[in-house]
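Novice: Structure below; questions to follow.
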Amino acid sequence: MNLNQKSLIDGILEGDRLIIGKAISLIENGEKEGFTLLKEIYPLKKDIFVLGITGPLGVGKSTFIDKIIEKLTDEFDKIGVLLCDPSSPISGGAFLGDRLRLKTKNENVFIRSMATRTFPYGISPSLPFIIDLFSASPYRNIIVETAGIGQGDVSIKNFSHLTLVLFSPLLGDEIQFLKGGLMEISDILIVTKGDYDIAEPFYKTLKNSISIFYNDLIPVYMISSSNGFGIDDVYNEIMKKRLDLFSSDKYLEREKIRRLETFKYLLKELYTKKMIEKIEKEGDFKEIEEGKINIYQKILDIIS
Amino acid sequence: MKKIKVLIGKPGLDGHDRGAKVISKALMEVGYEVIYTGIRRTPEEIVKMAIEEDVDAVGLSCLSGAHLDLFKKVSELLKEKGKDVLLFGGGIIPKEDIEILKNYGFKKIFTPDSSIKEIIDFLDNEFKSKVTN
């Protein structure tokens, strides 16, 4: 198939699975064609809703998505799912093992795995651009799962309209909940693996901490994805918050943040890459390695 | 930078996937991005994944003896949907079936006596011109 620009754009607008799959690759691989495509579809964007799902490794993010997706497909015609997993810092390869948990056979769900390509913060560096791509497609209700993350990995907040933070039991005591970072980006907090006895005391500690330190402003739920406990409650909370978002200024406020952050990512991704390539070409890397260049002088020369 | 993506699939009711996992990990270690489907997937699910993930290769593993039907179905569906991809397979596969599978479009079939290195060499050879780094 000859994928010229026009047929790429048409395919994206129509939700053609094959074409969207290829378009994501163009963007992921940083090819100029990918960004030219984004430029063309930028004016065709429509409102999108991004549900960010984050939390440390193994807490049950994918398994939770497997459950919640059944409910979301009842409500929405098309759902996009983007699943981030870490790349190997040694080889640059990746084992992408999130979608094996997703059992949905629904043809209206488009799922894509994304390696972080050694980008920090638990997201793929192309995530912001791929969200823009989806906003021109029929898949405008999107779930994004981060790779397993740590306390300071808060980037997902900039690209989500609603951020769910998942914890498994025994994750820590209330001192952890006093710290900045992850707690502060939570719109909804979820304690997973609620079918274990150890979950209830942890849930109570977390809920108590939220009551004291956050004035009860963050809803906290305990769930079990294996027996379905609490899934309905979380779903209702998501829908309530989604409605609140769209019926107030909050959606526009979030979109402002997303647009600007996406632009900053573009700069970081493309401009920085270009600068690095240029300096490498000039042969300065070798001299930097050997300590022959004062790197601080070099950077002052570049930015002045 | 172009990364080569490989889908490792387990079609059918076969629940033995230690081999598929080991191969997925090995391919990661040499720089491939591997998507593992998990066990008990239908050919339709595997093809949907291959399309959405825009993979360059699909490797199917089957130890139950149902490889002829399942591999054929995956190959047919990929063609039907217009997904051009390198196909390979492996598992408990009798010698006499290998030619049949090759006729279904499988470039290479690996059997239990194949080494991981053979699988890596096969893919490296197929994709060496496509990788820029």
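As you go down the protein sequences, you meet chains W and A in turn. All residue numbers for the first sequence refer to our numbering, where the first residue is 1409 and numbers rise by one. All residue numbers for the second sequence refer to our numbering, where the first residue is -8 and numbers rise by one. Using N, Cα and C, we set each Cβ at its ideal position, and we do this for glycine too.
Kindly list the residues whose CB is nearer than 8 Å to the CB of G1505(W), restricted to its own chain and excluding five residues on each side of it in sequence; keep chain order.
Specialist: D1493
Novice: Quick one: does L18(A) have its CB under 8 Å from some CB of chain W?
Specialist: Chain W, which has a Cβ nearer than 8 Å to the Cβ of L18(A), makes this yes.
Novice: Could you tell me whether the stretch 3 to 16 of chain A touches the stretch 1671 to 1682 of chain W, where touching means 3 or more Cβ pairs closer than 8 Å?
Specialist: no
Novice: Alpha carbon to alpha carbon, how far is V1599(W) from V1642(W)? Give it in angstroms, no decimals.
Specialist: The straight-line gap from Cα to Cα measures roughly 11 Å.
Novice: Would you say E172(A) reaches chain W, if we count a Cβ-Cβ gap shorter than 8 Å as a contact?
Specialist: In the structure as shown, chain A begins at -8 and stops at 124. Residue 172(A) is therefore absent and cannot be evaluated.
Novice: Report yes or no: do the stretch 1575 to 1588 of chain W and the stretch 1513 to 1523 of chain W share at least 3 C-beta pairs separated by less than 8 Å?
Specialist: no
Novice: Compare the C-alpha of M1647(W) against each of L1572(W), R1525(W), I1564(W), P1451(W) and name the closest.
Specialist: L1572(W)
Novice: Please classify L1504(W): does DSSP put it in a helix, a strand, or coil?
Specialist: strand
Novice: Along chain A, in chain order, which residues have C-beta atoms closer than 8 Å to that of K1430(W)?
Specialist: D45
Novice: Note the first and the last residue of the continuous alpha helix (DSSP H) segment covering E1661(W).
Specialist: 1658 to 1674
Novice: Going along the chain, which residues of its own chain have a beta-carbon closer than 7 Å to the beta-carbon of A17(A), five neighbours each way excluded?
Specialist: I107, I111
Novice: Quick one: using the 10 Å Cβ neighbour count with 16 as the cut-off for buried, is I1538(W) buried or exposed?
Specialist: buried
Novice: Taking CB distances under 8 Å as the criterion, tell me whether I111(A) reaches chain W.
Specialist: no
Novice: Along the stretch 16 to 42 of chain A, where does the CB come closer than 9 Å to a CB of chain W? Name the residues.
Specialist: For the stretch 16 to 42 of chain A, residues whose beta-carbon sits nearer than 9 Å to a beta-carbon of chain W comprise K16, L18, M19, E20, V21, G22, Y23, E24, V25, I26, Y27, T28, G29, I30, R32, T33, E35, E36, K39, M40, A41, I42.
Novice: Between K1513(W) and chain A, is any beta-carbon pair separated by less than 8 Å?
Specialist: yes
Novice: For chain A, find out if any of its Cβ atoms is closer than 8 Å to the Cβ of N1412(W); answer yes or no.
Specialist: no
Novice: With DSSP collapsed to three states, give me the class of F101(A).
Specialist: strand
Novice: Could you tell me which residues DSSP pairs with M1522(W) in its beta bridges?
Specialist: C1492(W)
Novice: Quickly, what does DSSP pair R32(A) with across the bridge? List them, please.
Specialist: Looking at the DSSP assignment, R32(A) forms a beta bridge with P2(A).
Novice: Ignoring anything shorter than 3 residues, give me the beta strand (DSSP E) runs that lie fully in the stretch 1418 to 1504 of chain W, in order along the chain.
Specialist: 1457 to 1462, 1487 to 1493, 1502 to 1504, all fully within the stretch 1418 to 1504 of chain W.
Novice: In this structure, what does DSSP give as the bridge partners for A1555(W)?
Specialist: DSSP lists no partner for A1555(W).
Novice: Quick one: measure Cβ to Cβ for S133(A) and I(-1)(A), integer angstroms, because I've assumed they're closer than 8 Å.
Specialist: Any answer about residue 133(A) is impossible in this case: the structure gives chain A only from -8 up to 124.
Novice: Show which residues of chain W have a CB atom less than 9 Å away from the CB atom of K74(A).
Specialist: L1426, G1429
Novice: Under the three-state reduction of DSSP, which class applies to S52(A): helix, strand or coil?
Specialist: Annotated three-state conformation of S52(A) is strand, per DSSP.
Novice: Kindly give me the distance between the Cβ atoms of G1589(W) and V1562(W), rounded to whole angstroms, as I take these residues to be in contact under 8 Å.
Specialist: About 6 Å separates the two Cβ atoms, so the contact holds.
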